[in-house]
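Residue numbers (my numbering): 6 to 967. Each residue gets a CB set at the ideal place from its N, CA and C atoms; glycine is no exception. In this text the structure is predicted, and so the values were computed from the model without any measurement. One structure is given here, and the rest of the page talks about it.
This is the structure:
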């Protein structure tokens, strides 16, 4: 290879530009190459293919086969086409406007342009002169692609003996073609290529250190051997700065026993990835080869290193914990928040088939005509099924997931009890093992790179650089050194690539640039910490994360379909409640996450979603946040059970909430306002804690926070109970009841007047929209029952009672319009599909919540609407009595919430012994099932409901009581 074809040179030689000038100097017409598949406006690139041809000749390698040489030019063409396409479309439109194109229609005009105009050397020179950045990008891309492909060819022949031995080649197996893997190009065009060989087999060439992949599969084979499982075979040749890998073909399974083994291997791989800090094992990274899942790229390993940072808050500590857990590997179905707040699931086991990426991508309209132009659209990704089938039949998910859990559990216990294998791993990692480190999502880089090919940015290199800088600074804070490295790669039409070294704290790019002390610890030190952390306790946490992500056992009962009679059949034994509460408190406290100074606490919460599982640190609100935990702990500590050991937790949460109130009234962010899932929930929490403790400080902070809520309530367009202004009204009524301050009545009046203006008159009544693209809903959480409860509570203090009663009556009319006689229930209007008829009976939606709202009307004995309310009570009560309650314990839509509502209806206070017995049985298996710790959908709310069994003075939080 000639000296100037030097793979390690950082700048394109001037010789290459001179070669292009020589190609274009002749006043000639360039013809399409017959063996190249040209794309749109492809004739423009013929001179660049000639340039690649000259570079190949200068390399003076052995003679290439025609097929290999064709693939060489084809992959180069495919790479350079995307750089110039926008500029060429613009130039065609300019030419059409200024000089005109010959043809009877736009298709003929297009053909004239590519055959008579675009192939002219002088015209091409003019374009390149007008767009010097385009010229530079194309030259660089051709040069580096050529050098890189020639380098692969050379390495293949230099290392042929090793390759032949490992991959069992016969004699004289030749390279036949380069196949682009569609991976990202990094420094100097380096990316993964698939190589077709003359023996009809394929090899994968990787331009980087593959030692971490060797370690990964060595561990996998060790575990498989320990469990007498046939070893997964993936042959890898590690050659230092590059490597060769076996090409894996996709295959299905012949038997369900193989599918079971596939899931078990997924569990084993999940454990290995957890230990080695492997990330980015998403569905595009997976090849299913029968019973063996192969992840073709584990380069993003040893990345549990944290950037140097002082973790001041429990939330930051929790996020760090999550980032180093099984949830952050990419296998489990878990969404991540991307740009613009949109959540996307790229996981292997996610069940979402079609998703929209949070970026718009360019596409060409009117292809093959002179009217072509660039438009933008959101990009959809169609996710394939990532599990094998047997003749089109799939193994039930619960069976597969059981095998996955077994694989993870057995692997965890094997390594917890056997340190010998880790000594071998340490020995290998003490060598210079490099692994990739992502500081930004690759698809964001790709989008940015695509945008930088805009014609306006192809004129001035400085303007293109400034554009890249602006976007990088806007999207994410980054230190100057990293940003310079990112921009350098993007300027060269390449995706930035960073890596860490096993025994260093620095971060590097592929040019060897170093950011010193980027990490707090070296990867090998963090691996040591991880191994020391292996324990029964850590296994339980990771196992719970897995079951949560897979949607297994979300605080559900082993005894399915609890009946009304089971809830009402006997008095509860307080001893059993005491034991159960102690267990609940113990579990919740064990799951708490503290910051380093232990002056803040948080919990992990599984947020409900129809299409995905999101596990995050809890927020501050009652629904599933810190205020809900405060209500539970204070109720427990101040109950007749006198659980003094939780006083410290009460004090800790109190201080945290107080700090938040000071911050809130200082900044007044336009947050949601509701009584359960908004800022008014903080006020309501303080009101309840005042009721429990009689401490005036809680009312003082309630006043402070209420002042802030009133300032932002006018900006909140939500009117529902859970997150909107209906909940604010309830909290204001409570504030007046406690303080007798008239300003709260004035605030109630203003909010009600606003709600009247925002109401929608339909079906003879009125409703309020709370969910976009849906009509006004029924039920307490987001619908009319919640508004009716709020307005009924306001009647206690509202001066214009007649107008308010009329408003309540109209709200009843609309909600009762949606009563479905077929199901004897108020329909949940959020769903209306074949699989979901909207027949629910929980507090949030359906009969139980409607029952509670009507009971509030009867409590106030309002003649004008009591008849309606009384009829609805009978309907709702009958619906609950004749229904299977379901298998969820929670307050929001489960058994405990329904039970509290029935107690409002049945003042004999018959508590269910059977219910406590079921909860106790459930808690016996506390570490085998996933718990949500939160208040409305989790265990702390169950605990509060049990406390209400023995302390009837506890406020009923489901109706905003104090």
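- [ ] List the residues that DSSP assigns as beta-bridge partners of residue 69.
- [x] Within the chain shown, the letter at position 64 stands for residue 69. None; residue 69 has no bridge partner.
Task: Length at least 4, wholly inside the region 116-151: the alpha helix (DSSP H) runs in chain order - done: Runs of the alpha helix (DSSP H) inside the region 116-151: 126-135.
Open item on the list: Using CA atoms only, rank isn't needed, just tell me which of 869, 903, 949 and 193 is closest to residue 497.
Closed with: Here residue 497 corresponds to residue number 492 of the chain shown, with the count starting at 1. Nearest in C-alpha terms to residue 497, of all of 869, 903, 949 and 193, is 193.
Open item on the list: Less than 7 angstroms between the C-beta atoms of residue 252 and residue 217, yes or no?
Closed with: Here residue 252 corresponds to residue number 247 of the chain shown, with the count starting at 1. Here residue 217 corresponds to residue number 212 of the chain shown, with the count starting at 1. Cβ distance not < 7 angstroms, so residue 252 and residue 217 don't count as in contact.
Open item on the list: My output table needs one value for residue 661: the three-state DSSP class, helix, strand or coil.
Closed with: One-based indexing of the chain shown puts residue 661 at position 656. In this structure, residue 661 counts as helix in the three-state DSSP scheme.
TODO: Check whether the Cβ atoms of residue 633 and residue 731 lie closer than 7 angstroms to each other.
DONE: Translated into the one-based positions of the chain shown, residue 633 becomes position 628. Translated into the one-based positions of the chain shown, residue 731 becomes position 726. When the beta-carbon positions are compared, residue 633 and residue 731 stay at least 7 angstroms from each other.
Task: Cα-Cα separation, residue 944 to residue 589 - done: Counted from its first residue, the chain shown places residue 944 at position 939. Counted from its first residue, the chain shown places residue 589 at position 584. So the alpha carbons of these two residues sit roughly 7 angstroms apart.
- [ ] Assess, as a yes-or-no matter, whether the region 360-374 is touched by the region 220-237 under the definition of 3 or more beta carbon pairs within less than 8 angstroms.
- [x] no
Open item on the list: As a quick exercise: from 765, 33, 51 and 783, pick the residue whose alpha carbon is nearest that of residue 823.
Closed with: The count along the chain shown starts at 1 and reaches residue 823 at position 818. Ranking 765, 33, 51 and 783 by Cα distance to residue 823 puts 783 first.
Open item on the list: Check whether the region 164-177 and the region 87-102 are in contact - that is, three or more C-beta pairs closer than 8 angstroms.
Closed with: no
- [ ] Give a yes or no on contact between the region 759-774 and the region 703-711, applying the rule of three or more CB pairs nearer than 8 angstroms.
- [x] no
Open item on the list: The beta strand (DSSP E) that contains residue 441, what's its start and end?
Closed with: For this step, residue 441 is matched to residue 436 along the chain shown. Note, residue 441: beta strand (DSSP E), 439-441.
TODO: Determine the burial state of residue 528: buried for a count of at least 16 other Cβ atoms within 10 Å of its Cβ, exposed for fewer.
DONE: On the chain shown, position 523 is the one that residue 528 refers to. Looking at its Cβ environment, which holds 16 or more other Cβ atoms inside 10 Å, residue 528 is buried.
Open item on the list: Can you tell me which residues form a DSSP beta bridge with residue 587?
Closed with: Within the chain shown, numbered from 1, the residue matching residue 587 stands at position 582. In the DSSP output, where bridge partners are listed per residue, residue 587 has none listed.
TODO: Let me know the secondary structure DSSP gives residue 942 once reduced to three states.
DONE: Residue numbering aside, residue 942 sits at position 937 when the chain shown is read from its first letter. Looking at residue 942 - three-state DSSP - the assignment turns out to be coil, as it is neither helix nor strand.
- [ ] Using a threshold of 7 angstroms, state whether the C-beta atoms of residue 979 and residue 500 are closer than that.
- [x] The structure shown does not extend to residue 979, since the chain is modelled only from 6 to 967, so the question has no answer here.
Open item on the list: Could you tell me which whole alpha helix (DSSP H) segments of length 4 or greater appear in the region 259-301?
Closed with: 261-281
TODO: Please report how far the alpha carbon of residue 560 lies from the alpha carbon of residue 897, in whole angstroms.
DONE: Working through the chain shown from its first residue, we reach residue 560 at position 555. Working through the chain shown from its first residue, we reach residue 897 at position 892. With a pLDDT of 40 at residue 560, under the threshold of 50, the modelled position of this residue cannot be trusted; read the value that follows with caution. Residue 560 and residue 897: Cα-Cα distance of roughly 12 angstroms.
Task: Distance between beta carbons of residue 665 and residue 625, contact taken as under 8 angstroms - done: The count along the chain shown starts at 1 and reaches residue 625 at position 620. The count along the chain shown starts at 1 and reaches residue 665 at position 660. That pair is a contact at about 6 angstroms.
Open item on the list: Quick check on residue 428: buried or exposed, where buried means 16 or more other Cβ atoms within 10 Å of its Cβ?
Closed with: Position 423 of the chain shown, counted from the start, is the residue given in the question as residue 428. Its Cβ having fewer than 16 others within 10 Å, residue 428 is exposed.
Open item on the list: Given this structure, state the Cα-to-Cα distance separating residue 215 from residue 694, to the nearest angstrom.
Closed with: Residue 215 sits at position 210 when you count from the first residue of the chain shown. Residue 694 sits at position 689 when you count from the first residue of the chain shown. About 58 angstroms.
Task: As assigned by DSSP and simplified to three states, the class of residue 676 - done: Position 671 of the chain shown, counting from 1, holds the residue named residue 676. In the structure shown, residue 676 sits in coil (DSSP, three-state: anything other than H, G, I, E or B).
Open item on the list: What residue range does the alpha helix (DSSP H) around residue 418 cover?
Closed with: Taking the chain shown and counting its residues from 1, the one referred to as residue 418 is at position 413. It spans 402-422 - the alpha helix (DSSP H) in which residue 418 sits, taken as one unbroken run.
- [ ] Taking all protein chains shown into account, decide if residue 686 is buried (16 or more other Cβ within 10 angstroms of its Cβ) or exposed.
- [x] Residue 686 sits at position 681 when you count from the first residue of the chain shown. Label assigned to residue 686: buried.
TODO: Hey, could you find the ends of the beta strand (DSSP E) residue 514 is sitting in?
DONE: Counting from 1 along the chain shown, the entry for residue 514 is found at position 509. Unbroken beta strand (DSSP E) run through residue 514: 512-514.
Task: For residue 571, the three-state DSSP class (helix, strand or coil) - done: Your numbering for residue 571 matches position 566 in the chain shown. Low confidence applies here, because residue 571 scores a pLDDT of 48, under 50, leaving its location unreliable and the question unanswered by this model.
Open item on the list: Among the candidates 548, 779 and 802, whose CA atom is the shortest distance from the CA of residue 736?
Closed with: Stepping through the chain shown from its first residue, residue 736 is reached at position 731. Measuring from the Cα of residue 736, the nearest candidate turns out to be 802.
- [ ] Using only alpha-carbon positions, find the residue among 793, 794, 775 and 939 that is nearest to residue 787.
- [x] For the purposes of this step, residue 787 is taken as the residue at position 782 of the chain shown. When each option's Cα is compared against that of residue 787, the closest is 775.
Task: Reference residue 298; option with closest CA among 256, 793, 654 and 317 - done: The residue you call residue 298 lines up with position 293 of the chain shown. With distances taken between Cα atoms, residue 298 lies closest to 256.
Task: Inter-residue Cα distance where the pair is residue 663 and residue 866 - done: Position 658 of the chain shown, counting from 1, holds the residue named residue 663. Position 861 of the chain shown, counting from 1, holds the residue named residue 866. When rounded, the distance between both Cα atoms is 39 angstroms.
- [ ] Could you pull out every residue in the same chain whose Cβ sits closer than 6 angstroms to the Cβ of residue 149, ignoring the five residues on either side in sequence?
- [x] Numbered from its first residue, the chain shown carries residue 149 at position 144. Taken in chain order, the residues that qualify are 193 and 194.
- [ ] Note the first and the last residue of the continuous beta strand (DSSP E) segment covering residue 876.
- [x] On the chain shown, position 871 is the one that residue 876 refers to. Segment 868-886 is the alpha helix (DSSP H) holding residue 876; no beta strand (DSSP E) there.
TODO: For residue 382, name the three-state secondary structure that DSSP assigns.
DONE: Residue mapping note: residue 382 aligns to position 377 of the chain shown, counting from 1. In this structure, residue 382 counts as strand in the three-state DSSP scheme.
TODO: Could you check what DSSP says for residue 182 in three-state terms: helix, strand or coil?
DONE: Position 177 of the chain shown holds residue 182. Of the three classes helix, strand and coil, the one that applies to residue 182 here is strand, per DSSP.
TODO: Give the DSSP bridge partners of residue 604, in chain order.
DONE: For this step, residue 604 is matched to residue 599 along the chain shown. None, per the DSSP bridge assignment.
Task: C-alpha gap between residue 270 and residue 260, whole angstroms - done: As a first step, residue 270 must be located in the chain shown, where it is residue number 265. As a first step, residue 260 must be located in the chain shown, where it is residue number 255. Roughly 16 angstroms between the two C-alpha positions.
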